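Protein chains in written order, with my numbering: chain A, 1 to 193; chain B, 1001 to 1312.
Note that CB positions come from ideal geometry on N, CA and C, so glycine has one too.
Everything numeric in this text was worked out from a predicted model, so none of it was measured.
Single-structure report; data block below.
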Amino acid sequence: MNRSLIRSSLRAAPILALLLVFATGKASAETPAAKPAAKQAAPTPEGIQVPKPPFTEGIFPCTACHDGKAVKLNTKQRELKDMHTDIELTHGPESRWCLDCHDANDRDHLKLASGEKVEFTASYKLCGQCHGDKLRDWRVGIHGKRTGMWNGPKQYLLCVHCHNPHQPHFKPMKPLPPPTRPEAIQVTKGGAR
Amino acid sequence: MTDQETRVPAQGCEDTSAACGAGGRREFLGAAVAAVATALTGCGKVSSEEFLQHNFRELSKDEVAQVIARLEKEYKDKFKKDVKVATTEPIPGVIFGYALDLSRCIGCRSCVHACVKENNQSRKPEIQWIRVLEMDKEEGVDLQHAEQYYNPDEVPREGHFYMPVQCQQCKKPPCTKVCPVGATWKEKDGIVVVDYNWCIGCRYCMAACPYGARHFNWGEPHIDAADVNPVTHYLGNRPRPKGVVEKCTFCVQRTRKGLYPACVEICPTGSRKFGNLLDPKSEIRQTLETKRVFKLKEDLNTQPTFFYFYGV
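Spelled out as structure tokens, the structure:
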């Protein structure tokens, strides 16, 4: 899992933008002016910086194989036999398949239902098409995990860091050891006052 | 100039025995008290400085510095490594709040063991500040049907949900009310703390706490020196002596520096939310305002600042 420390730009960007607006003395034109300023200040479209998506090693960029020459585009819905056989798709309705989310003509990007291309680093937008309530909670920190500082720089995780997009259900795990039962506690000499 | 003038009698002290009278008497009294204390309590290890130390809240800045220096030296001698003891004050304008998502917790106990490591709990005898309860989905939040010793191969188990319980940092803490010596109190940022050097080990607070959140050092706490977390706070995770009560402090040594508590950092499901209750933009406030929230044993009017919620 790749993680890098990032600033809580979600919160900081609008504030910065507002500050810029006030500094230039255009306080009346708040919302329209604030948005482009925030866009310029942040590297991702929305100003949310996220760690690198958890790709299988060596699989990205996808265009290394899917260049339109070595592997020809085949939009027919089918079971994959030659490559990506490890991927079992148990996400959503049965009719769902690869090119619903992966852009057919540009494999290094994902695509929304509208056809709009999305970077892998902004995959939460894709998830949010169906899971809008989760996206809303994630943006304000209710859903998902944040680490770092409660009053400062935070590290966010993408949806796909916890939920495998092809099999999104959270995997069960072995619990750490339980506490010792009272009857199993061994009294050592001088152990209690 | 005044510094030099006042220093003169002190320098002359070595020569004239009359001027040394006050110091000598104090030393004698200190030694005598320590000897009596040793005889009465049977605690040979308690130094006279430790025995004569006052409640932490009554100490002057100089006295605090002395106490910290003494403790750091004791820990250095004991663990053969540098252990820093901080006395970081509450941040003004901050009251800590905590929320735990019952619909997400899978009962993996990562938090329990991360807490033990971070907060220098005794490994033997074992002390854990967080207890994870396995509950029946059919029964709901009913402590009659809670199991804390569950140990299946995989969690979550079918038909069960999990409820970690730790100190609820109550707004009206019954534990601090019953302490006969004032060794435990609520700080300005809402954290209920214990002065381990002032605690007499009567365990009234444990009887008063309806959440079982306080733990007693029945035996000499043991931690391998390599496992000791050297970043500590006087009121938090510094190594404790035998015979005192300890509890969750929201990782006071971390949170007063702006860090998340260790349990929040480790939780693999992101079930744990922490922040400033006075900041409307904080995760904790967003959670309280938009989710279905409840407090454990609300009817007791302890008014916890620890909340449980359903994220789904």
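How far does the alpha helix (DSSP H) with residue 1097(B) in it reach, from first residue to last? In the DSSP assignment, residue 1097(B) falls outside any alpha helix (DSSP H) and within the unbroken beta strand (DSSP E) covering 1096-1101.
Could you check if residue 164(A) belongs to the surroundings of the ligand NAP, using beta carbon to heavy atom distance under 7 Å? Ligands in the displayed structure: none, and consequently the ligand NAP is not present.
Chain B contact for residue 131(A) (CB, 8 Å cutoff): no
Distance cutoff 8 Å, beta carbons only. Does residue 164(A) sit that close to anything in chain C? Given the protein chain composition of this structure (A and B), no chain C is represented.
Pop quiz: residue 1190(B) and residue 1169(B) are said to be a contact at Cβ under 8 Å. What is the actual Cβ separation, rounded to whole angstroms? 6 Å
Which term fits residue 83(A), buried or exposed, when burial requires 16 or more other beta carbons within 10 angstroms of its beta carbon? exposed
Delimiting residues of the alpha helix (DSSP H) encompassing residue 1275(B): First-last for residue 1275(B): 1272-1276, but that is the beta strand (DSSP E), not the alpha helix (DSSP H).
DSSP three-state label for residue 1133(B), please. strand
Determine, for residue 1155(B), whether the minimum Cβ-Cβ distance to residues of chain A falls below 8 Å. yes
Residue 1273(B) touches chain A at which residues, Cβ-Cβ below 9 Å? Residues of chain A passing the Cβ test: 141, 142, 146.
Can you tell me which of the three DSSP states residue 1232(B) falls into? strand
On the DSSP letters alone, give me the boundaries of the alpha helix (DSSP H) that residue 1254(B) sits inside. 1252-1255
In whole angstroms, what is the alpha-carbon distance linking residue 55(A) and residue 158(A)? 12 Å
Interface residues of the segment 1144-1175 of chain B facing chain A [CB-CB below 8 Å]: 1148, 1149, 1150, 1151, 1152, 1153, 1154, 1155, 1156
Spatial neighbours of residue 1222(B) within its chain, please: CB distance less than 7 Å, with the 5 preceding and 5 following residues excluded, ordered by chain position. 1122, 1123, 1124
Rounded to whole angstroms, what is the Cα-Cα separation between residue 1283(B) and residue 142(A)? Residue 1283(B) and residue 142(A): Cα-Cα distance of roughly 6 Å.
Would you identify the three-state DSSP class for residue 33(A), choosing helix, strand or coil? Residue placement at residue 33(A) cannot be trusted, given a pLDDT of 35 that sits under 50; what the coordinates show is reported in the next sentence. Three-state result, residue 33(A): helix.
Quick check: the Cα distance between residue 1274(B) and residue 75(A), rounded to an integer number of angstroms? 47 Å
Strictly under 8 Å for the Cβ-Cβ distance: is residue 178(A) near chain B by that measure? yes
Does DSSP classify residue 1259(B) as helix, strand or coil? Reduced to three states, the DSSP call for residue 1259(B) is strand.
Which residue wins for smallest C-alpha separation from residue 1277(B), given the options 1297(B), 1306(B), 1157(B), 1156(B)? 1306(B)
For residue 63(A), collect the residues of the same chain with a Cβ closer than 7 Å to its Cβ; drop the 5 residues on either side in sequence, then sort them by chain order. 107, 108
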